[in-house]
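Take our numbering: the last position of the sequence shown gets the number 1389, and nothing is skipped along the way.
Ideal Cβ positions, reconstructed from N, Cα and C, are used throughout, including at glycine.
Being a predicted model, the structure only gives us computed values, none of them experimental.
Remarks on the structure that follows.
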Amino acid sequence: MSASKKTIRVSELASARSGDKGNHANIGVIAHDEAAYEILISRLTAVRVQDYFRELGVTRVERFELPKVQALNFLLHDALAGGASRSLRIDTQGKLLGTALLDLVLVIDSPDS
């Protein structure tokens, strides 16, 4: 029998911090514990993050794993519409992107009751 599924927000698994790197944005996702990190490794992929932020014009997402600190770092290419000094967006430095990523819903396996 296959395991049942449930949904969980990234905020239930981790904290995040984000900022600008020129025209690119950087989001650090720090897991609350080892179990949360394992879920993030398997479910919070670069493709999933790129799809989530596609409307911002993100052209590519790179994911970097930091297992010793149970964290992931995402580099979102072309996410800032020219960067802090050129963009007309309200969040020119991408500071809210980490908060937005915490709202992303992941589908995970749920232990059978």
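Item: Buried or exposed (CB count within 10 angstroms, at least 16 for buried), residue 1373; Value: buried
Item: Proximity winner among 1299, 1315, 1298 and 1300, relative to residue 1306 (alpha-carbon distances); Value: 1315
Item: Residue 1333, DSSP secondary structure in three states; Value: coil
Item: Residue 1294, buried or exposed, once every other Cβ within 10 Å from all chains shown has been counted against 16; Value: buried
Item: Residue range of the alpha helix (DSSP H) that includes residue 1434; Value: Here the chain comprises residues numbered 1277 to 1389, so residue 1434 is not present and cannot be evaluated.
Item: Under the three-state DSSP convention, the category residue 1378 falls into; Value: helix
Item: Own chain residues within Cβ distance below 6 Å of residue 1353, not counting five before or after; Value: 1300, 1335 and 1336
Item: Distance between beta carbons of residue 1279 and residue 1386, contact taken as under 8 Å; Value: 7 Å
Item: Environment of residue 1384 [buried if 16+ CB atoms lie within 10 Å]; Value: exposed
Item: Length of the line joining the Cα atoms of residue 1282 and residue 1355; Value: 30 Å
Item: Three-state secondary structure (DSSP) of residue 1316; Value: helix
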